[in-house]
Amino acid sequence: MRNKSKVKESTIRPNILDYRFILISLVIVLCVIGIIFIYSASNYSANVLYGDSMYFVTKQIVGFVIGLALMMLVSRFNYHNFARMHIIIVVVSVVMLVLVFVPFIGMSANGANRWIGFGPISIQSSEVAKFGFVIFASVYMAKNYQKMYTFNGMLPVLLIGGMMCLLVLMEPNLSVTICLGLVMLSMLYIGGVRKKYFVILLCLALLLVPVLIIIEPYRLFRLFAFINPWANPQGEGFQLIQSLYSLGAGGLFGVGLFNSMQKYLFLPFAESDFILAIIGEETGLVGVILLFAIYLIVISIGYKIALNAKDRLGTLLAFGITTLLAFQTLINVAVVTGSIPPTGIPLPFISAGGSGLIVFMCAIGILLNIAKNSKSGEFKDFRLKGVV
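The opening residue of the sequence shown carries number 1 in our numbering; numbering runs sequentially from there.
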């Protein structure tokens, strides 16, 4: 029996190690791509605005180095320890979301309160809160999986997720609110919520989105800009038009690295939310497809880790982290290509933003630890055993 178990383990372990190596390699590749294109997109604007062409790049490199160190550290932190820390994590996440509204702590930019600052250090609270929710929901549902088919059983996840969505919406940040809401619904589904409850929640969410757009005039203007950006080309439609110009100029193979024209103060937020447009302009459709392929492989590995996790907590954590990565990437791509109304959300690992980069790399560290402790498929389906 011992020999058989050793043979079985040996056939599993190299496969898991391969996934971990590929995941680490591709995440580093994405980060390096991000640093290169942040420099390309921002060297002119950073020099004009801050007198330092490396302003955004330096911050991103620092974030990458810190993130890489934390990713490797977290990969050695047994994910089961989150079961003892999940209340602290969710409290800290909520407090950080509240602090953005506190004078002298919260930082405002472009009419939004999304950051908290301590001296030269600034942190985007919603970046931390998204993963704080994933950890809380994963631990709660893993412990209470037998109750998840009841309304009372799923209520704590709804309340915490709803509260976080409300706080993020008040910043205001509709894109992150939508992303977090989609992750919450996805996790409730795989956690075992009855399908009728899931359908009701999904319908309520779909009805809520147009209401949130209508009640805020600037969101309504953005919707009009999405429908016909050329109706107001110097106003609400300006950013989307410049993004489409940038993507269109790239053609099949692009205009060449560092040769973008839109980065010369034509395209707002070229180094952050709209960096994909610069990538498309400089590398063309071929470059964008290759970038999508990297994201697709990373996301596929994340779901593979979730399916091979040895327990519910591992499955839920890996699924939540991967789904958050997938939704955020999808929303960013949809905004830049004009597929949904314009709203600001960074492209994971690539857009400028040290705190977001560090948090995402820490999340990858959690995936690595789950993979490290994996056994071959106790759960073969995301609708977990033991729940209705």
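Positions of the beta carbon are idealized from the N, C-alpha and C atoms, including for glycine.
Residue i, enclosing beta strand (DSSP E) - first and last residue
| i | result |
| --- | --- |
| glycine 67 | Unbroken run through glycine 67 is the alpha helix (DSSP H), 55–74; no beta strand (DSSP E). |
N-terminal and C-terminal residue of the alpha helix (DSSP H) that residue i is part of
| i | result |
| --- | --- |
| alanine 326 | 312–336 |
| glycine 365 | 354–372 |
| threonine 283 | 275–308 |
| methionine 96 | 82–99 |
| serine 272 | No alpha helix (DSSP H) holds serine 272; DSSP gives it neither H nor E. |
Identified DSSP bridge partners for residue i
| i | result |
| --- | --- |
| isoleucine 121 | Phe118 |
| asparagine 113 | Ser108 |
Residue from the options whose Cα sits closest to the Cα of residue i
| i | options | result |
| --- | --- | --- |
| valine 209 | Phe221, Arg194, Thr177, Ala231 | Thr177 |
| lysine 32 | Arg20, Tyr19, Ile123, Val62 | Contrary to the premise, residue 32 reads as valine rather than lysine in this sequence. Closest by alpha carbon: Val62. |
| leucine 166 | Gly181, Val336, Ile275 | Gly181 |
| glutamate 236 | Ala225, Ile350, Val333, Leu265 | Ala225 |
| lysine 59 | Tyr44, Gly34, Arg76 | Gly34 |
| proline 211 | Leu174, Ala112, Gly192 | According to the sequence shown, residue 211 is valine rather than proline. Of the listed residues, the one whose Cα sits closest to valine 211 is Leu174. |
| leucine 357 | Ile297, Ala69, Tyr19 | Ala69 |
| serine 374 | Ser272, Asn332, Thr337, Lys310 | Lys310 |
| proline 172 | Phe136, Ser126, Val193, Tyr140 | Ser126 |
| valine 128 | Met154, Val98, Pro156, Tyr145 | Val98 |
| leucine 158 | Leu201, Ile121, Gly117, Met170 | Leu201 |
| lysine 263 | Ile89, Leu296, Ser42, Phe21 | Ser42 |
| phenylalanine 360 | Gly106, Gln124, Ala109 | Gln124 |
| isoleucine 90 | Phe64, Met170, Gly106, Tyr140 | A small fix is needed here, since residue 90 is valine in this sequence, not isoleucine. Considering only alpha carbons, the answer is Tyr140. |
| isoleucine 331 | Ala352, Asp273, Leu307, Ala293 | Asp273 |
| glycine 353 | Leu244, Ser138, Ile66, Leu207 | Ile66 |
| alanine 326 | Cys179, Phe82, Val336, Gly287 | Cys179 |
| methionine 163 | Ser186, Tyr145, Tyr189, Gly132 | Gly132 |
| arginine 84 | Val57, Lys130, Ser138, Leu247 | Ser138 |
| serine 246 | Thr283, Phe104, Phe56, Asn78 | Thr283 |
| glycine 112 | Ser122, Pro120, Phe101 | Going by the sequence as given, residue 112 is alanine instead of glycine. Looking at the Cα atoms, Phe101 is the closest of the given residues. |
| phenylalanine 269 | Ile289, Gly287, Phe238 | Phe238 |
At least 3 beta-carbon pairs within less than 8 Å: the segment 302–318 vs the segment 94–103: no
Runs of alpha helix (DSSP H) lying entirely within the segment 146–181, each at least 4 residues, in chain order: 151–169
Stretch-stretch touch, CB-based, cutoff 8 Å, three pairs: the segment 268–279 with the segment 239–254: yes
The segment 291–309 contacting the segment 319–332, beta-carbon criterion three pairs below 8 Å: yes
The segment 189–197 touching the segment 145–152, judged by at least three CB pairs closer than 8 Å: yes
Every unbroken alpha helix (DSSP H) inside the segment 194–238 [4 residues or more]: 195–215, 217–227
Three CB pairs or more closer than 8 Å across the segment 215–224 and the segment 242–252: no
Inter-stretch contact (C-beta, 8 Å, three-pair minimum) for the segment 284–297 and the segment 18–30: yes
The segment 330–342 in contact with the segment 42–53 per 3-pair CB rule at 8 Å: no
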